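Using the working numbering, the first residue of the sequence shown is number 155, and each one after it goes up by one.
What follows is one structure encoded as structure tokens, with my remarks underneath.
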Amino acid sequence: VQLQASGGGLVQAGGSLRLSCAASGSFSSVGNMDWYRQAPGKQRELVATMVNSGTTNYATTGRFTISRDNAKNTVYLQMNGVKPEDTARYYCNADIKQIGHLFYTNHWGQGTQVTVSS
């Protein structure tokens, strides 16, 4: 099972980015899909969570929107009005039930770098 994140890059303050993270491999179900971020010298922190029912939870308010396409096993993070303090490596995280397994296991993607210039 792999989580492949993409969409990061260099953006000016006030701009927008859309991150994507797709799950691939042999699995039967994907549960919660989350976005985390880690800035240099700081701990990794939760940005947003989305369960497969559509319920969302945000650790940051207002500027980010999480969504998912269950048919594509993909989670998105729309980032609007970005600020320099949003600069971080953004990681996706998902609970996945692999083929032949009874329970969900937690998986991390490799991350995608977002850099916001002032």
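Ideal placement from N, C-alpha and C gives every residue a C-beta, glycine not left out.
Computed from a predicted structure; not experimentally measured.
Here the alpha carbon of Ala225 sits roughly 22 Å from the alpha carbon of Met233. For His255, no beta strand (DSSP E) segment is defined, and its DSSP state is neither H nor E. Nearest neighbour of Val201 by Cα position, chosen from Gln166, Ala213, Ala242 and Ile220, turns out to be Ala213.
Under the 10 Å beta carbon count, Gly162 is surrounded by 16 or more other beta carbons and is classified as buried. Taking the Cα positions, Gln252 is about 8 Å away from Thr259. With a threshold of 16 other beta carbon atoms within 10 Å, Leu164 falls short and is exposed. Residue pairing by DSSP places Gln267 opposite Arg243 in a beta bridge.
When only Cα atoms are considered, Ser272 and Gly169 end up about 11 Å apart. In terms of Cα proximity to Leu157, the closest of Gly254, Gly235 and Ser174 is Ser174.
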